[in-house]
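Taken in order, these protein sequences are the chains called G and Z. Following this note's numbering, the residues of the first sequence are numbered contiguously, the last one being 240. Following this note's numbering, the residues of the second sequence are numbered contiguously, the last one being 242. C-beta atoms are modelled at their ideal positions from N, C-alpha and C, and glycine is treated no differently.
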Amino acid sequence: MNILNFINAFFSDSAHWQGYDGIPTRLGEHVQYTLEALAIAAAIGLPVGLATGHYGRGGNALAFIAVAGRALPTFGLLVLMTLSLGFGLINVMIPLVVLAVPPILVTTYEAMRSVDPAPVDAARGMGMHDVEVLFRVELPVALPLILGGLRSAAIQIVSTATIAAYVSLGGLGRYIVDGLYQRNYEKVVGGAALVALMALATLALFWGVTRLTVSRGVLRSN
Amino acid sequence: MDGFFDIPSDLQHSWLGLVGLHVREAGLPVLAGLLISLPLAQLCVRLRWLYPPVLWVTTVLYAIPSLAFFVVLIDYTGQTELTVMIPLTVYTLVILVPAIVDGVRSVPQETIAAATAMGFGPVRRYVQVQLPIAVPAIIAGLRVATVSSISLVSVGALIGNQGALGNLINDANIYNRPELAVNAVLTMAVLAILADGLLVVVRLLLTPWMPSGARARRAERPEPEVAAR
Numbered sequence: 019m020n021i022l023n024f025i026n027a028f029f030s031d032s033a034h035w036q037g038y039d040g041i042p043t044r045l046g047e048h049v050q051y052t053l054e055a056l057a058i059a060a061a062i063g064l065p066v067g068l069a070t071g072h073y074g075r076g077g078n079a080l081a082f083i084a085v086a087g088r089a090l091p092t093f094g095l096l097v098l099m100t101l102s103l104g105f106g107l108i109n110v111m112i113p114l115v116v117l118a119v120p121p122i123l124v125t126t127y128e129a130m131r132s133v134d135p136a137p138v139d140a141a142r143g144m145g146m147h148d149v150e151v152l153f154r155v156e157l158p159v160a161l162p163l164i165l166g167g168l169r170s171a172a173i174q175i176v177s178t179a180t181i182a183a184y185v186s187l188g189g190l191g192r193y194i195v196d197g198l199y200q201r202n203y204e205k206v207v208g209g210a211a212l213v214a215l216m217a218l219a220t221l222a223l224f225w226g227v228t229r230l231t232v233s234r235g236v237l238r239s240n
Numbered sequence: 014m015d016g017f018f019d020i021p022s023d024l025q026h027s028w029l030g031l032v033g034l035h036v037r038e039a040g041l042p043v044l045a046g047l048l049i050s051l052p053l054a055q056l057c058v059r060l061r062w063l064y065p066p067v068l069w070v071t072t073v074l075y076a077i078p079s080l081a082f083f084v085v086l087i088d089y090t091g092q093t094e095l096t097v098m099i100p101l102t103v104y105t106l107v108i109l110v111p112a113i114v115d116g117v118r119s120v121p122q123e124t125i126a127a128a129t130a131m132g133f134g135p136v137r138r139y140v141q142v143q144l145p146i147a148v149p150a151i152i153a154g155l156r157v158a159t160v161s162s163i164s165l166v167s168v169g170a171l172i173g174n175q176g177a178l179g180n181l182i183n184d185a186n187i188y189n190r191p192e193l194a195v196n197a198v199l200t201m202a203v204l205a206i207l208a209d210g211l212l213v214v215v216r217l218l219l220t221p222w223m224p225s226g227a228r229a230r231r232a233e234r235p236e237p238e239v240a241a242r
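Structure follows, in C-alpha cells:
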C-alpha cells in the first residue's frame with residue numbers, strides 16, 4: 019500500500035514532531051481555529067434558533083438563510099475575503115462563521131419545533147414560565163438534534179479550516195497545501211491523514227458529549 | 014468592474030465553458046449518488062438491522078474533509094475530474110440514503126395494502142406506489158446534495174486545476190484580480206440557486222397531487238441542514 023508507506027514515513031520522521039511546522043503546533047492551531055469559529059457561530063446560532071423555535075416564528079427567514087448559506091461557496095468566500103481585506107485571522111474567521119451558523123441555526127429551530135407539544139402543555143399547566151419551559155422541558159428533549167447540528171457545523175469547520183491554509187492560515191491544511199507545492203507527497207498524505215483523524219475525533223467527541231449530556235429517557239426514546 | 018469576464022487563458026475555457034464544466038463536475042456525483050442510494054436505501058428499508066451501520070459508515074465518510082479525500086485519491090486516479098467527483102459522490106450518500114429511507118417508510122401501511130390488494134407485485138408496488146410518494150423527501154435530499162456539491166467542486170482547484178469555477182478563484186489569487194473571485198462566487202451562488210429552483214419545479218411536476226401555492230409554502234419548513242462544506 020503506497021499511501022500507508024507515505025503515512026508511515028511522515029509520522030516516523032522526527033522533524034515533523036517539533037518546531038513551528040511540527041505536528042503539535044499545527045494540530046494546536048487547527049483545534050484553536052475550530053473552537054473559536056464554533057464558539058462564535060454557536061453564540062449567534064443557538065440563541066436565535068432557540069428563540070425562533072420556542073415561539074415558532076421566522077421559519078421562512080431561516081429557510082432562506084439556510085439556502086443562502088449553502089449556496090455561497092466557502093472556498094470562494096475565503097479567497098475573496100483575503101483578496102479584498104488582506105491577510106489576517108479575522109478575515110478567515112468570517113467565512114468559517116458564515117459557514118457554521120446556518121446548520122446550527124436551522125437544526126436548533128427544527129429541533130425545538132419537533133418537540134412533542136403534550137409535555138410542553140403539561141409544563142405550562144404546572145405553572146412554568148416561558149423560560150422554564152424552554153430550559154427545563156424543550157431544551158432537554160431537543161438536545162440530541164441540537165448537538166447533531168453543532169456536530170455538523172464543527173466537522174464543516176474542521177474541513178474548511180484545512181482549505182484556509184491556502185489563504186495564509188496555519189493548521190493542518192498547511193501540510194497539504196505546502197506539500198502539494200513542494201511536490202512532497204509524503205507531507206500531503208500525512209497532513210490528509212491528520213485532518214481525517216481530527217474530523218473523526220470530532221465525531222467521536224460529539225458522540226461522547228451526547229451520551230453524557232442527553233437525559234437517559236430521551237436517549238432511549240430515540 | 015473591469016475585466017469581469019476576461020478569463021485568464023491558462024484555464025483554457027471560456028466563462029461558459031467553466032460553467033458547463035462546473036455543472037458536470039457537480040451534477041454527475043449527485044446522479045451517481047442517487048443511483049447508489051436508491052438500491053442501498055431499499056435494502057435498508059427491507060433489512061432494518063442494516064440501516065444503523067449504513068448511516069454510521071456514511072457519516073464517518075462524510076466527516077473526511079474534501080481536501081484530504083482528494084489528495085489521497087490522487088494516488089489512484091491522478092489529478093483528474095474523477096478525483097473530485099468520487100468524494101462528492103460519497104458525500105451525497107449521507108444526505109440521500111436517509112432521505113429516501115424516511116420517504117419510503119413514510120408511505121402509509123393502508124396505501125401499501127391497497128396496492129397489494131390491487132394485485133401489484135413488490136417491484137411494481139415499489140416503482141409505482143412507494144417511490145412516487147417518497148418523491149418530496151427524495152427531492153428535498155437532492156436539493157441539499159446538489160447545492161453543497163456545487164460549492165464543493167471549487168475545492169478541486171487546490172489539487173491542480175480540477176475545480177471548474179474554483180480555478181477562477183485560484184487565478185484571482187495568483188493574478189491578484191479580485192473581480193474574478195467575485196465572478197466565481199456569484200456564478201456558483203446563482204448556479205446553486207438555479208439548481209435548487211429546478212429541483213423544486215421537478216418536484217411540482219412529479220407530484221401533481223400535492224397542494225401547491227400558498228398552502229404548500231406554509232407547510233414547507235427548512236429541512237435539517239446536513240451538508241454544505
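Can you tell me which of the three DSSP states residue i falls into?
i: Z:ALA240; result: Confidence at Z:ALA240 is low in this model, with a pLDDT of 39, below 50, so the placement of that residue should be treated as unreliable; the coordinate-derived value is given next. Coil at Z:ALA240, not helix or strand.
i: G:TYR203; result: helix
i: Z:LEU212; result: helix
i: Z:ARG234; result: Because the pLDDT at Z:ARG234 is just 48, under 50, the model does not fix this residue reliably, and the value given afterwards should be weighed accordingly. Coil.
i: Z:ARG190; result: coil
i: Z:ASP19; result: coil
i: Z:GLN92; result: coil
i: Z:ARG228; result: With a pLDDT of 48 at Z:ARG228, under the threshold of 50, the modelled position of that residue is not reliable, and the figure given next carries that caveat. The answer is helix: DSSP assigns Z:ARG228 an H, G or I state.
i: G:GLY74; result: coil
i: Z:ALA177; result: coil
i: Z:VAL120; result: coil
i: G:HIS147; result: coil
i: Z:THR105; result: helix
i: G:VAL232; result: coil
i: G:GLY40; result: coil
i: G:THR220; result: helix
i: G:SER186; result: coil
i: Z:TRP222; result: coil
i: Z:GLY132; result: coil
i: G:LEU80; result: helix
i: Z:GLN25; result: coil
i: G:ASP134; result: coil
Find out if the Cβ-Cβ distance for the pair residue i, residue j is shorter than 7 angstroms.
i: G:VAL97; j: Z:ASN186; result: yes
i: Z:SER162; j: Z:ALA39; result: yes
i: G:ALA59; j: G:VAL115; result: yes
i: Z:VAL166; j: Z:GLY176; result: yes
i: Z:LEU41; j: Z:MET131; result: no
i: G:PRO121; j: G:SER177; result: no
i: G:VAL151; j: G:ALA141; result: yes
i: G:ILE181; j: Z:LEU80; result: yes
i: G:LEU123; j: G:VAL66; result: yes
i: Z:VAL148; j: Z:LEU218; result: no
i: G:ILE175; j: G:ALA57; result: no
i: G:VAL213; j: Z:PRO78; result: yes
i: G:THR228; j: G:LEU165; result: yes
i: Z:LEU212; j: Z:ARG156; result: yes
From which residue to which residue does the alpha helix (DSSP H) around residue i run?
i: Z:TRP28; result: 28 to 59
i: Z:PRO78; result: Here Z:PRO78 belongs to no alpha helix (DSSP H), and DSSP marks it neither H nor E.
i: G:LEU168; result: 157 to 181
i: G:LEU190; result: Run containing G:LEU190: none; DSSP gives neither H nor E here.
i: G:PHE29; result: 20 to 30
i: Z:GLY169; result: Here Z:GLY169 belongs to no alpha helix (DSSP H), and DSSP marks it neither H nor E.
i: G:TYR127; result: 107 to 131
i: G:THR100; result: 92 to 103
i: Z:PRO135; result: 135 to 138
What whole-angstrom Cβ distance do residue i and residue j have, given they're in contact under 8 angstroms?
i: G:ILE62; j: G:ALA211; result: At roughly 33 angstroms, the Cβ-Cβ gap does not stay under 8 angstroms, so G:ILE62 and G:ALA211 are not in contact.
i: Z:VAL67; j: Z:LEU53; result: 7 angstroms
i: G:PHE28; j: G:GLY208; result: 3 angstroms
i: G:THR125; j: G:GLY167; result: 3 angstroms
i: G:LEU107; j: Z:PRO191; result: Going by Cβ atoms, the distance from G:LEU107 to Z:PRO191 rounds to 20 angstroms, so no, they are not a contact pair.
i: Z:MET201; j: G:PRO91; result: 5 angstroms
i: Z:ILE151; j: Z:ALA205; result: 19 angstroms between Cβ atoms; not a contact.
i: G:VAL206; j: G:TYR193; result: 7 angstroms
i: Z:LEU109; j: Z:LEU47; result: 6 angstroms
i: Z:ALA76; j: G:ILE173; result: 5 angstroms
Check whether the Cβ of residue i sits closer than 6 angstroms to any heavy atom of the ligand FAD, and report yes or no.
i: Z:ALA147; result: By its list of ligands, the structure shown contains no ligand whatsoever, and the ligand FAD lies outside what it can speak to.
Could you tell me whether the region 146 to 163 of chain G touches the region 56 to 73 of chain Z, where touching means 3 or more Cβ pairs closer than 8 angstroms?
-> no
Cβ contact (3+ pairs, closer than 8 angstroms) linking the region 199 to 210 of chain G and the region 105 to 112 of chain Z = no
Taking contact to mean at least 3 C-beta pairs separated by less than 8 angstroms, is the region 84 to 96 of chain Z in contact with the region 117 to 135 of chain Z?
-> no
Would you call the region 139 to 153 of chain Z and the region 108 to 118 of chain Z touching, i.e. three or more CB-CB distances under 8 angstroms?
-> yes
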